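All remarks here apply to the structure that follows.
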Amino acid sequence: EDQVTQSPEALRLQEGESSSLNCSYTVSGLRGLFWYRQDPGKGPEFLFTLYSAGEEKEKERLKATLTKKESFLHITAPKPEDSATYLCAVQAPGSNYQLIWGAGTKLIIKP
Amino acid sequence: NAGVTQTPKFQVLKTGQSMTLQCAQDMNHNSMYWYRQDPGMGLRLIYYSASEGTTDKGEVPNGYNVSRLNKREFSLRLESAAPSQTSVYFCASSGWGGQGRETQYFGPGTRLLVL
Numbered sequence: 001e002d003q004v005t006q007s008p009e010a011l012r013l014q015e016g017e018s019s020s021l022n023c024s025y026t027v028s029g030l031r032g033l034f035w036y037r038q039d040p041g042k043g044p045e046f047l048f049t050l051y052s053a054g055e056e057k058e059k060e061r062l063k064a065t066l067t068k069k070e071s072f073l074h075i076t077a078p079k080p081e082d083s084a085t086y087l088c089a090v091q092a093p094g095s096n097y098q099l100i101w102g103a104g105t106k107l108i109i110k111p
Numbered sequence: 001n002a003g004v005t006q007t008p009k010f011q012v013l014k015t016g017q018s019m020t021l022q023c024a025q026d027m028n029h030n031s032m033y034w035y036r037q038d039p040g041m042g043l044r045l046i047y048y049s050a051s052e053g054t055t056d057k058g059e060v061p062n063g064y065n066v067s068r069l070n071k072r073e074f075s076l077r078l079e080s081a082a083p084s085q086t087s088v089y090f091c092a093s094s095g096w097g098g099q100g101r102e103t104q105y106f107g108p109g110t111r112l113l114v115l
């Protein structure tokens, strides 16, 4: 069964304490992996797309990496404003439109 | 650009009532989507429209209908609301993200409570 699993469910860090969020997937023939950020009461905000193993993307304190079985979202020296739920999704096999979503990791950065 | 807009932001219904959730995008995207988001679960696709004039069922279409009114607008209708349809509903549209893939962009959501 195609699925996406994110871990941990929640992560509490002190400001400046770097860490990583995990997104593992069991999809044959990955065609794209997406990371989104979601703030409380708002819609998901697009962050990155990764297409092939070994690819990396960076934006400010965030860096996304991809292997054949999982993706990591590395957060370097986070600030309280990085607190949000981070969602991972993969392109469903055989579809240009459907995504398979993980349940998300809730990240809390304490000042 | 407003991006993807949704109305209403919040709605309370009684069981059996009907309502239509409205969505519009100004990014000239061909594809549009309706999702629901429930606590502890990933986003689940209700319906999508790959292009104007076409609609297709997603993972959880039962109890819902959609209309792609034109390229900009995609509405979701609940004909007879049930408490199980209490959720947050997101509309999204997708455009060309390069390398043959489309990237989805989301609206702010509609919070629906069915009593």
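In the order they appear, the protein sequences are chains A and B. First residue of the first sequence: 1, per my numbering; consecutive thereafter. First residue of the second sequence: 1, per my numbering; consecutive thereafter. Ideal Cβ placement from N, Cα and C applies to all residues, glycine included. Given the structure is predicted, the values throughout are model-derived calculations rather than measurements.
Does residue i get closer than 7 Å to chain A when you measure Cβ to Cβ?
{"i": "B/Ser75", "result": "no"}
{"i": "B/Gly109", "result": "yes"}
{"i": "B/Thr103", "result": "yes"}
{"i": "B/Tyr64", "result": "no"}
{"i": "B/Gly16", "result": "no"}
Let me see if you follow: with CB-CB separation under 7 Å, is residue i close to chain B or not?
{"i": "A/Tyr25", "result": "no"}
{"i": "A/Phe48", "result": "no"}
{"i": "A/Ala103", "result": "yes"}
{"i": "A/Gly43", "result": "yes"}
According to DSSP, residue i sits in a beta bridge with which residue or residues?
{"i": "B/Asp56", "result": "B/Tyr48"}
{"i": "A/Val90", "result": "A/Leu33 and A/Ile100"}
{"i": "A/Thr105", "result": "A/Tyr86"}
Would you report the Cα separation of residue i and residue j, rounded to the nearest angstrom?
{"i": "B/Ser67", "j": "B/Gln25", "result": "14 Å"}
{"i": "A/Gln127", "j": "A/Pro8", "result": "Because chain A spans 1 through 111 in this model, residue 127 of chain A falls outside it and cannot be assessed."}
{"i": "A/Ser24", "j": "A/Thr76", "result": "21 Å"}
{"i": "B/Arg44", "j": "B/Tyr35", "result": "5 Å"}
{"i": "B/Pro125", "j": "A/Val90", "result": "The structure shown has nothing for residue 125 of chain B, since chain B only spans 1 to 115."}
{"i": "B/Asn70", "j": "B/Val4", "result": "14 Å"}
{"i": "B/Asn1", "j": "B/Met27", "result": "8 Å"}
Classify residue i as buried or exposed, calling it buried when 16 or more other Cβ atoms lie within 10 Å of its own Cβ.
{"i": "B/Met116", "result": "Because chain B in this structure spans residues 1 to 115, residue 116 of chain B falls outside the shown range and cannot be described."}
{"i": "B/Gln6", "result": "buried"}
{"i": "B/Ala81", "result": "buried"}
{"i": "B/Gly42", "result": "buried"}
Three Cβ pairs or more, each shorter than 8 Å: is that satisfied between the region 33 to 40 of chain A and the region 84 to 98 of chain A? Using a Cβ-Cβ distance cut-off of 8 Å, the region 33 to 40 of chain A and the region 84 to 98 of chain A are in contact, since at least three pairs of beta carbons, one from each stretch, lie closer than that value.
Below 8 Å, how does it come out for the region 88 to 96 of chain B and the region 107 to 114 of chain B: are there three or more Cβ pairs, yes or no? Output reads yes: the region 107 to 114 of chain B touches the region 88 to 96 of chain B.
Does the pairing of the region 59 to 78 of chain B with the region 103 to 110 of chain A give three or more beta-carbon distances under 8 Å? Contact check between the region 59 to 78 of chain B and the region 103 to 110 of chain A: fewer than three CB pairs, one atom from each, fall below 8 Å, which does not count as touching.
Specify whether the region 1 to 19 of chain B and the region 53 to 73 of chain A touch according to this definition: at least 3 beta carbon pairs, one from each stretch, less than 8 Å apart. No: the two stretches stay apart, fewer than three of their Cβ pairs being nearer than 8 Å.
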